[in-house]
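Contents: one structure, followed by commentary.
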Ligand SMILES: Cc1ncc(C[n+]2csc(CCOP(=O)(O)OP(=O)(O)O)c2C)c(N)n1
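Below, the structure written as structure tokens:
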């Protein structure tokens, strides 16, 4: 990477800014403080870098995460030492669990006092050891350009992830001659991209021989940009596709081969398909317990092909017949090429018919009549109103998140952004801010719960001040709904500490931040209010009052096999009946 | 089952912490660990003994590989490697039983490195089996202290 500042004398702080510029960074998210003040001072001179001042460092990391997931470019965060650094921890862990590329730069106390419990000292490299792909404590100003170059390289290659760089403040003051390295050489870090040709051939044989295959795909498809190759494989061999929460959108959900999300809140037909498949082709997915349920029962009768860029994911949870380490796009491309060489015909007609029967019998939606606003209705209206628009949905965590995953039709990658692995409440609003920063022309809608939004509601200020016209649809049930649901189902309705009450007044809160806001409590007002929210030029919140009795169904009880679902609709012989017995 | 992992890492601050904390957070117990520079001063070798089944060893090896500072990992099996450990035993030794202890030490080609008023300190190197056998024998006299280096291992010549 070229920098027009090569050869110039400058401070460490200026070298950080010059390095970020050389990396092509346009936006960073952060919050200043004593040990980062020199870096902020250098930032003041940059024409290329736009800094978004969030209202909390956690907000900054989630915003950078949302930016990265929406754009595919690494998110960049700048914060001060001590509390500034520790406030980034949840955001870093969130990005780590979902393999999001991110570079976090933290100020640190001067080298001379490290280890003395100096004011605002915290061992952030120690703290983030288990939640970063790698981290650095910079010891010499001369190392800054190389370390920043490496950090971006590590964050964005192989299995992406967050990298943290801790910079003592004396290093930001020291003078160096700036030279941004053209290349990166880390002998001990060489991700595998090309799959093993013998294993690819074996995989192709299994695919050709299979009558009941299923593609189980995750975030790896999006990270590697393998959507086209995935679609080609699915269509050529007529293989149904189920995408994880993180993979949502990597395969168009309006496609007849799409089975939506698998697992705990997947559709019953999706889980049935997984349980009855004879071949499971897992690509860029990690057999999370939320997907597999009881592991020993998961896809029990299936041979397994597992394609992943991270060798440690292969065989970690589920034994695999054909492991292929490498990049999803390259490997799926190679598989397609092999398949096209020989005249093969899909054998899945009966299988797809079977799945369609399950789909007709166990639809995802249930139709309990209600005079209150039901969540499904809000999503149906939203889907229709957003049809054909450039849009991104972000979510907080809880019931509303699972409803969004079930009901928001997502046909494009990078347009559904949710904290999957860590399940971080407080993610959705700042992630929406970050996504909007990265995609100014896209309508960004955050689906929120009244619990989650309060974890980072201060970021409404960031949206307002920066003219980010993000929208929030708040499904307000007055409780921590997802936990309450578990208490209702598994804890004898003992609602210990899950009732929030009607506080605060979210309309007033949003208005205090300069947002447009409205509350709806009647079904007939939903459509009009959603339209008003969408059409509002600035940030807007719609407070949708729903009852606390709404549940996310169907559901796999914790520890159960995934085809053993409760609350699934069964329209079999008698229609409109909710079948609550465990089958 | 015991496994010996020979891990080559970049010789940089904090690398040992990355390795040991990985074992801890993935739920593996390290039985012994020895670290030192290799013939190349930028590279250190960490020899780790760990008790785990084969699937777990495969997983921990893959996880170790993900650490940016890890250059190479070899699993050394008993057949194709030689392992040694150094142990210092401080053994109770009343004057009239000293010669017995000295005799045991000499049978095992161990050295007496300190003689106290009521103790002998013996330095022994060898395989875990041999050192275990010595330990059993010394127990009869009362062992005051044992200090071990942790096992180191090297592949046999024919491998290269
Ligand atoms: C930071 C954090 N704390 C606690 C939890 C546990 N948790 C998961 S869902 C949930 C309730 C979320 O409530 P709300 O945001 O109102 O959404 P709802 O489920 O009601 O739709 C809680 C407390 C979590 N996921 N994240």
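Chains as they are written, first to last, in this note's numbering: chain G, 3 to 585; chain C, 146 to 305. Using N, Cα and C, we set each Cβ at its ideal position, and we do this for glycine too.
Presumed contact (8 Å Cβ cut-off) between residue 20 of chain G and residue 182 of chain G, rounded CB distance: 7 Å
Status (buried if at least 16 other CB within 10 Å, exposed otherwise) for residue 208 of chain C: buried
Proximity to residue 446 of chain G [Cα-Cα], best of G:147, G:388, G:193: G:388
Check: residue 454 of chain G C-beta below 8 Å from any heavy atom of ligand 1: yes
Three-state class that DSSP yields for residue 172 of chain C in the structure shown: coil
C-alpha gap between residue 148 of chain C and residue 443 of chain G, whole angstroms: 56 Å
Distance between beta carbons of residue 406 of chain G and residue 395 of chain G, contact taken as under 8 Å: 6 Å
Distance CB(residue 109 of chain G)-CB(residue 432 of chain G) smaller than 9 Å: no
9 Å Cβ cutoff, residue 158 of chain C in contact with chain G: yes
Chain G within 9 Å of residue 162 of chain C, Cβ atoms only: yes
Cβ contact check for the stretch 193-207 of chain C and the stretch 172-185 of chain C: 3 or more pairs under 8 Å: yes
Three-state secondary structure assigned by DSSP to residue 119 of chain G: coil
Helix, strand or coil at residue 202 of chain G [DSSP, three-state]: helix
The beta strand (DSSP E) enclosing residue 220 of chain C, as first and last residue numbers: 215-221
Residue 174 of chain C Cβ short of 8 Å to ligand 1 heavy atom set: no
Straight-line gap, residue 479 of chain G to residue 366 of chain G (C-alpha atoms, nearest Å): 22 Å
Distance, residue 227 of chain G Cα to residue 178 of chain G Cα: 39 Å
Chain G contact residues for residue 195 of chain C, given Cβ-Cβ distances below 9 Å: Within 9 Å Cβ-Cβ: nothing; residue 195 of chain C doesn't reach chain G, min ~16 Å.
Proximity test, Cβ basis, 9 Å: residue 213 of chain C and chain G: yes
Residues within the stretch 174-205 of chain G neighbouring chain C, beta-carbon criterion of under 7 Å: 188, 189, 190, 191
Whole-angstrom distance between residue 277 of chain G and residue 15 of chain G, CA atom to CA atom: 56 Å
Strand pairing of residue 273 of chain G, partner residues [DSSP]: Beta-bridge pairing links residue 273 of chain G to no other residue.
Residue 148 of chain C at chain G interface by Cβ criterion, 9 Å: no
Proximity test, Cβ basis, 9 Å: residue 178 of chain C and chain G: no
Any non-hydrogen atom of ligand 1 within 8 Å of residue 477 of chain G CB: yes
Per-residue DSSP class, three states only, for residue 397 of chain G: strand
Residue 428 of chain G CB to nearest heavy atom of ligand 3 below 8 Å: Judged by which ligands are present, ligand 3 is missing from the structure shown, whose ligands are ligand 1.
Residue 207 of chain C: contacting residues in chain G (beta-carbon distance under 9 Å): 312, 313, 314, 315, 316, 317, 318
Within 7 Å of chain C by C-beta, residues of the stretch 129-156 of chain G in sequence order: 131, 132, 136, 156
Proximity of residue 154 of chain G and residue 439 of chain G at Cβ, strictly below 9 Å: no
Presumed contact (8 Å Cβ cut-off) between residue 378 of chain G and residue 71 of chain G, rounded CB distance: Not really, about 25 Å apart at Cβ, beyond 8 Å.
Residue 578 of chain G to residue 555 of chain G span [Cα, whole Å]: Bear in mind that a pLDDT of 41 at residue 578 of chain G, under 50, signals an unreliable position, so the number given afterwards is only what the model happens to contain. Rounded to whole angstroms, residue 578 of chain G to residue 555 of chain G spans 15 Å at the Cα level.
Check: residue 551 of chain G C-beta below 8 Å from any heavy atom of ligand 1: no
Integer-rounded CB distance, given that residue 458 of chain G should sit under 8 Å from residue 428 of chain G: 4 Å
Classification of residue 501 of chain G by the beta-carbon crowding that lies within 10 angstroms, buried from 16 upward: exposed
Separation of residue 17 of chain G from residue 10 of chain G, as counted between CA atoms: 10 Å
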